[in-house]
Amino acid sequence: MADLVTKMETEAHGAAPAWQPKILAFACHYCAFAAADLAGVMRLSYPTNVKTIRLPCTGKLDHGYVLKAFERGFDGIFVAG
Numbered sequence: 007m008a009d010l011v012t013k014m015e016t017e018a019h020g021a022a023p024a025w026q027p028k029i030l031a032f033a034c035h036y037c038a039f040a041a042a043d044l045a046g047v048m049r050l051s052y053p054t055n056v057k058t059i060r061l062p063c064t065g066k067l068d069h070g071y072v073l074k075a076f077e078r079g080f081d082g083i084f085v086a087g
């Protein structure tokens, strides 16, 4: 899970031109992430201030990682399963 913290740190320090909330999305590999991947294949756009981390299952997401995301500078968390 140290991998997860490293990904959060990398995504949290990205620069945005005008202030927009930094949103971190934890997405289930088989459900929500598949939908996001399909949107990319269809060339649909989504906000650049939303960063996605794929998880095997969001049901196993520990609350500590949600808190760490806030500590790392994210303004909001989205959990999609």
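In terms of my numbering, the sequence shown is residues 7 to 87. Even glycine gets a Cβ: it sits at the ideal position worked out from N, Cα and C. Since the structure is predicted, the reported quantities are computational estimates derived from the model, not experimental observations.
Can you find the residues in the same chain that come closer than 7 Å, C-beta to C-beta, to residue i, ignoring five residues on each side of it along the sequence?
i: G65; result: G87
i: A18; result: K28, R78, G79 and F80
i: K74; result: V11 and M14
Does DSSP put residue i in a helix, a strand or coil?
i: K28; result: coil
i: T64; result: helix
i: T16; result: helix
i: G46; result: helix
i: F39; result: helix
Heavy atom of the ligand ADP less than 7 Å from the Cβ of residue i, yes or no?
i: A41; result: Among the components modelled here there is no ligand, and therefore nothing to report on the ligand ADP.
Strictly by DSSP, which residues pair up with residue i?
i: T58; result: A31
i: A86; result: A33
Taking just the CA atoms, how far does residue j sit from residue i?
i: L61; j: R49; result: 23 Å
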